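**Q** Sending over a structure as structure tokens; questions will come in a sec.
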Amino acid sequence: MHAVNIMLRSAHIPISFVFVTALLLAASAASHAAPAGAQAEFTPDPATVVRYGAAYRYPQAGWIVLHIEGAPYDRGYQHGRLLWREIVETIGCLAKARGPKGPEDAWRLMRSLANALFLRRYDPEYLEEMRGIADGAAAAGAKFDDRPIDLVDIVTINSDIEAEFLEDSLEATANGLEGRRFVEPPLGRRRRRADDHCSAFAATAPATADGKIVFGHITMFQLVYVPHYNVWLDVQPKAGHRVVMQSFPGGMMSGLDYYLNDAGLLICETTIEQTGFDAHGAPVASRIRQAAQHADSIDAAIDILRRANNGLYTNEWLLADINTNEIAMFELGTARSKLWRSSKNQWVADTKGFYWGCNNTKDLEVRAEMLPSLAGKPGNLVFHPEDRDRAWLRLFGDSKGRIDEGFGFQVFSTPPIVGSPSCDAKFTTTALAKDLKTWALFGPPMGRTWEPRPDERDRWSGIRPLVANDWTVLTAAPPAEESAATSTPADAKPEEDNKKHARHDNEDVVYPPAWHGTLLPASDADVWLAAAFSDYEKIIALEQARRKAAQGKPLEAEVRDEIELSRFVPWTKWLAATRRLGRDLPLAEVRFDWRSEGWYDLAAGKGVMLLAALREKVGADEFDAAMDRFGREHAGKEVSTEQFLEHLGAKPDSALGKLCDPWLHGEAPQRERSGNFWAIDSYDDQREQTLIVYGTVHDVNAQREAAKLLQRQIARTWSNLLLPTKADTEVTDEELANNHLLLIGRPATNALAARWAEKLPVEFASGSFTFRSEVYSHPATAIIAAGENPASPRFSLVVFAGLSADATWHVVQDLPKRDDPWSQTILRAAGHAERRLGAERFALPAEKKKTP
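Here our numbering runs 1372 ahead of the position in the sequence shown, where the first position is 1.
Here you go:
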């Protein structure tokens, strides 16, 4: 397809598109030596080694090294005996996460689901191994819900990741009703956003220094789960290859998917958008374990992974063969897949000798499987490189031809490859993998303790911070025979946890469709249409659903705010992108660029604004009907802007044609580009050009501490990048003119906020402020507001301002999450619910109640 070529080709990069972070530059120039504290050689303390027959376990730098061997049941039994306490703890964690008010009831339901959908789909070899794990754990005393651990418990543990993705997979599975017209209910259904991420790479000649393999993986997951993924499992089976993997207590597979086997095969993956569910397929847990244990080549592994695929836990697999120095990248949806191989010189973005993964599906046909039907509610299938894609490309560009062992230390200490929810890092080389060795780190790779947020502490009782450990080399070498503990350590018993908290999922809402059909761009110049067709539909669907739910009554204030924010987001994304790019591109001149996000934000955001202008001109009902006809006629097809304009009757000399022309070929109308468009989060794509400035006029101590807190909070939202902080008395004119500025303190306490207060959408007095004609004066009230940086129109200005020192500190403490919609202001008035708002131009007027 031509659209695939659009997604994968590497475009020319104009200077205005190049954003190289200071941190990445520093990383590329840094030494590739192992960091301080790294252990290339490790000998366990004899008192820490516990044996059961031929099996053993011992701790190493935060990992539990577990060796098991023999026939399936025997090696499973060894596993259960040696990790029985950790298995019980893992079950308790999963049960509480799914049912905090009734974990035992939740676990019973999870057992039934695993028994019905997965158990009988496992290869018999692994059912035997799991039965052994259950029996060994039960024999050692493992109980849950007042009964011994059994086979279904262990199958449930190993199937949990797939069960976690089942809801999303069913959403992507057609039910036969897609595209039909119904009387839709007014409110939408909630859909969770995936919060697990990984980054991975595979390198070979000509990218590597010695022409051999360098291969690595890092995991980002939820803090409640990650402490259990510290098992380094060494399986020496009676039949098949010896395999080592990162796993968890009770695991017969990795779960986070990092494998080495003694045939020289390396396998890892990063999760991609979930595709549909095939109930007749085998679990991925069974298939990947079979591939790791029984495959001796990339071909054999891919054949096993593809065979009888159930589609759950959709992944982009990276594979390497140290015997042939071949690497491969394999995106596996449900019915569709895509394979790139170094032996066939198949690369993306011209990265010869290098593949990377970061949860961003590269192949269009696999990407399309995330939708149940292209004829239903529109989905946005336009590919665009995200922050980690661009970071991988920069790192590759800096090191191509020189990638070696040190590259692993480098990339796994570089944001955003190492996002804030990172819990580990592993990489190996041909030389290490020959001996089943790998460098590994358990805990936050940047070294900063991962502390639970207040909402996480409320959600999950007993959740604990995750501390960083040193890098160490994990091996398959046995400890000395005399190394054995005489009894189980007294401190191995897990703590009881009786607190119960509600669980809050990271969700968004899918509303009944305003129109149907998913479009594909015929060229780069048509990306705006494919993206905006879907994005604008969500805005209209929201408003339609909310008005229908109101049944003719005035919309509540929070609903008006919600609609305002949905309209504001594309506008701020578009205009912020124009400042980053240095100009406003006509939509017809947009071109794909692997190394920039600006072109996509501009195309999608500006495209939505053009569709909004057309809807206002044509009329809502007529426009929505025309969109639905066009979407149904062209669902799943490549479409051009010309086809769309013809469908609307927008001929060049018509009123509609004249409306569209400046958007497509010139400059959008000035009224659409004027006003305060900045958002609180506008700095997000330029964190390397962002500075925190705290006030020293008053509340000095609180504001200095708030600046440090904001620094940590921003790092945790995703990038893991610590922004620099300065006092308002220390910042230079050059720094003011070359950064987004995050000001801590209101004008009465921060000299810079006082100097530039008129640029903000709020008016401050000494102890109060006025916002949208309302005065706020309670000392617990605070506001976050964005405007233009007067020192440079390329950057934003954001103030974090409480009406007391306490309020300023707390408004920083509760920073918006990464996936929250961008807003221009966040108002936290004492005694009232938080309000998130866009620019006032998008506000709906308050509606008057009808007189009876």
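Heads up, the beta-carbon is just placed ideally off N, CA and C, and yes, glycines get one too. Just so we're clear, the structure is a prediction, and the values are computed from it rather than from any experiment.
1) What are the boundary residues of the beta strand (DSSP E) that residue 2174 is part of?
2) Taking 8 angstroms as the limit between beta carbons, can you name the residues of its chain near residue 2077, skipping five residues before and five after?
3) Is it buried or exposed, residue 1868, if we count other Cβ atoms within 10 angstroms and call 16 or more buried?
4) Assuming residue 1607 contacts residue 1423 (C-beta within less than 8 angstroms), just tell me the rounded distance between them.
5) Measure from the alpha carbon of residue 2091 to the alpha carbon of each residue in 1407, 1785, 1937, then state which is nearest.
6) Short of 7 angstroms in beta carbon distance, which residues of its chain neighbour residue 2117, apart from the five on each side in sequence? Order them along the chain.
7) Does the distance from the C-beta atom of residue 1587 to that of residue 1638 stay below 8 angstroms?
8) Apply the 10 Å Cβ neighbour rule to residue 1477 and answer buried if 16 or more other Cβ atoms are within range, or exposed otherwise.
9) Please state the DSSP three-state secondary structure of residue 2226.
10) Just checking my contact of residue 1407 with residue 1811 at CB under 8 angstroms: how many whole Å lie between their CB atoms?
11) Can the beta-carbon of residue 2184 be found less than 8 angstroms from the beta-carbon of residue 2157?
12) Grab the span of the beta strand (DSSP E) containing residue 1592 for me, first residue to last.
13) How about residue 1460 and residue 1544: are their beta carbons less than 8 angstroms apart?
14) Which whole-angstrom value describes the C-beta separation of residue 1967 and residue 2166, a residue pair presumed to lie in contact below a C-beta threshold of 8 angstroms?
15) Does the ligand GDP have a heavy atom nearer than 7 angstroms to the CB of residue 1884?
16) What whole-angstrom Cβ distance do residue 2202 and residue 2150 have, given they're in contact under 8 angstroms?
17) Closest to residue 2100 by CA distance: which of 2119, 2050, 2007 is it?
18) Counting only runs that start and end within the region 1708 to 1737, where is the alpha helix (DSSP H) found for 4 or more residues in a row?
19) Could you tell me the distance, in whole angstroms, from the CA atom of residue 2206 to the CA atom of residue 1494?
20) Which residue from 1744, 1557, 2112 puts its Cα closest to that of residue 1923?
21) Helix, strand or coil for residue 1674? Go by DSSP, reduced to three states.
22) Would you mind sorting residue 2159 into buried or exposed? The rule is 16 or more other CB atoms within 10 Å of its CB.
23) Would you call the CB atoms of residue 2115 and residue 2139 closer than 8 angstroms?
24) Along the chain, where does the beta strand (DSSP E) that runs through residue 1638 open and close?
25) Quick one: what does DSSP say residue 1893 is sitting in, helix, strand or coil?
26) May I ask you to report which of helix, strand or coil DSSP gives residue 2031?
27) What are the boundary residues of the alpha helix (DSSP H) that residue 2045 is part of?
28) Sort 2000, 2034, 1970, 1577 by Cα distance to residue 2055 and report the nearest one.
29) Could you check the C-alpha separation between residue 1878 and residue 1896 for me, to the nearest Å?
30) With a Cβ-Cβ cutoff of 8 angstroms, do residue 1535 and residue 1482 count as a contact?
31) Based on DSSP bridge pairs, tell me the residues matched to residue 1811.
32) Look at residue 1711 and residue 1674 and say whether their C-beta atoms are less than 8 angstroms apart.
33) Could you give the distance in angstroms between the alpha-carbon of residue 1700 and the alpha-carbon of residue 1690?
34) Using a threshold of 8 angstroms, state whether the C-beta atoms of residue 1600 and residue 1800 are closer than that.
35) What span of residues does the beta strand (DSSP E) with residue 1618 cover, start to end?
36) Mind checking who residue 1669 pairs with in its DSSP beta bridge?
**A** In short, the structure shows the following:
1) Counting along the chain, the beta strand (DSSP E) containing residue 2174 begins and ends at 2168 to 2174.
2) Result list for residue 2077: 2181, in chain order.
3) In this prediction, residue 1868 has a pLDDT of 37, which is less than 50 and means its spatial position is unreliable; nothing more can be read from the coordinates.
4) In this structure residue 1607 does not touch residue 1423 by the C-beta definition: roughly 16 angstroms separates them, more than the 8 angstroms allowed.
5) The residue with the shortest Cα to Cα distance from residue 2091 is 1785.
6) Here residue 2117 has 2066, 2067, 2071, 2075, 2125, 2173, 2180 as same chain residues with Cβ atoms under 7 angstroms from its own Cβ, once five neighbours each way along the sequence are excluded.
7) Result yes, Cβ atoms of residue 1587 and residue 1638 sit closer than 8 angstroms.
8) With fewer than 16 other Cβ atoms within 10 Å, it is exposed.
9) The structure shown does not extend to residue 2226, since the chain spans only 1373 to 2224, so no value can be given for it.
10) With 8 angstroms as the limit, residue 1407 and residue 1811 do not qualify as a contact, their Cβ atoms being about 11 angstroms apart.
11) Using a Cβ distance threshold of 8 angstroms, residue 2184 and residue 2157 do not count as a contacting pair.
12) Where residue 1592 is concerned, the enclosing beta strand (DSSP E) stretches over 1586 to 1592.
13) No; because the gap between Cβ atoms is not below 8 angstroms, this pair is not in contact.
14) Wrong, their Cβ atoms sit about 19 angstroms apart, outside the cutoff.
15) The ligand GDP is not part of the structure shown, which contains no ligands of any sort.
16) 4 angstroms between Cβ atoms; contact.
17) The shortest C-alpha separation from residue 2100 is found at 2119.
18) With a minimum length of 4 residues, no continuous alpha helix (DSSP H) run stays inside the region 1708 to 1737.
19) For residue 2206 and residue 1494, the distance between alpha carbons rounds to 48 angstroms.
20) Of the listed residues, the one whose Cα sits closest to residue 1923 is 1557.
21) Three-state DSSP puts residue 1674 in a helix.
22) With 16 or more other Cβ atoms inside 10 Å of its own Cβ, residue 2159 counts as buried.
23) Cβ atoms of residue 2115 and residue 2139: not closer than 8 angstroms.
24) Looking at the DSSP string, the run of the beta strand (DSSP E) that includes residue 1638 is 1637 to 1643.
25) Residue 1893: strand per DSSP, three-state reduction.
26) Residue state for residue 2031 is assigned as helix, using DSSP reduced to three classes.
27) That run of the alpha helix (DSSP H) goes 2042 to 2045.
28) Checked all of 2000, 2034, 1970, 1577; the closest Cα to residue 2055 is 1970.
29) Annotation note: pLDDT 41 at residue 1878 (below 50); position unreliable, coordinate value reported separately. Answer to the nearest angstrom: the Cα atoms are 33 angstroms apart.
30) Residue 1535 places its beta carbon less than 8 angstroms from that of residue 1482.
31) Residue 1811 is bridged to 1799, 1845.
32) Yes, Cβ-Cβ distance for residue 1711 and residue 1674 is below 8 angstroms.
33) Answer to the nearest angstrom: the Cα atoms are 6 angstroms apart.
34) Going by C-beta atoms, residue 1600 is not nearer than 8 angstroms to residue 1800.
35) Run containing residue 1618: 1615 to 1619, per the beta strand (DSSP E) assignment.
36) DSSP, once it has assigned bridges, lists no residue as partnering residue 1669.
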